[in-house]
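Shown next, in structure tokens, is the structure this report addresses.
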């Protein structure tokens, strides 16, 4: 629980989604709970 969209995209090997999220300002330092 507590996973961000970025965490989920990384866990599921969705490199294109990771790139889009980062370009759109995803917080790279966000921790999950």
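In full-length UniProt numbering, the protein residues as written are 1 to 33. We treat Cβ as the ideally placed atom computed from N, Cα and C, and that holds for glycine. This one's a predicted model, so the numbers in the text were calculated from it and none came from an experiment.
Next on the checklist: Do residue 20 and residue 28 have their beta-carbon atoms positioned less than 9 angstroms apart in this structure?
Outcome noted: Within the chain shown, residue 28 is the residue found at index 28, counting from 1. Within the chain shown, residue 20 is the residue found at index 20, counting from 1. Not closer than 9 angstroms, so no.
Checklist entry - How would you call residue 15, buried or exposed, if buried means at least 16 neighbouring beta carbons within 10 angstroms? => result Taking the first residue of the chain shown as position 1, residue 15 is located at position 15. Around the CB of residue 15, fewer than 16 other CB atoms lie within 10 Å, so the residue is classed as exposed.
Next on the checklist: My output table needs one value for residue 10: the three-state DSSP class, helix, strand or coil.
Outcome noted: For this step, residue 10 is matched to residue 10 along the chain shown. The answer is helix: DSSP assigns residue 10 an H, G or I state.
Item to check | For residue 3 and residue 18, the rounded distance between their alpha carbons | outcome: For the purposes of this step, residue 18 is taken as residue 18 along the chain shown, with counting starting at 1. For the purposes of this step, residue 3 is taken as residue 3 along the chain shown, with counting starting at 1. Their backbone Cα atoms lie some 14 angstroms apart in a straight line.
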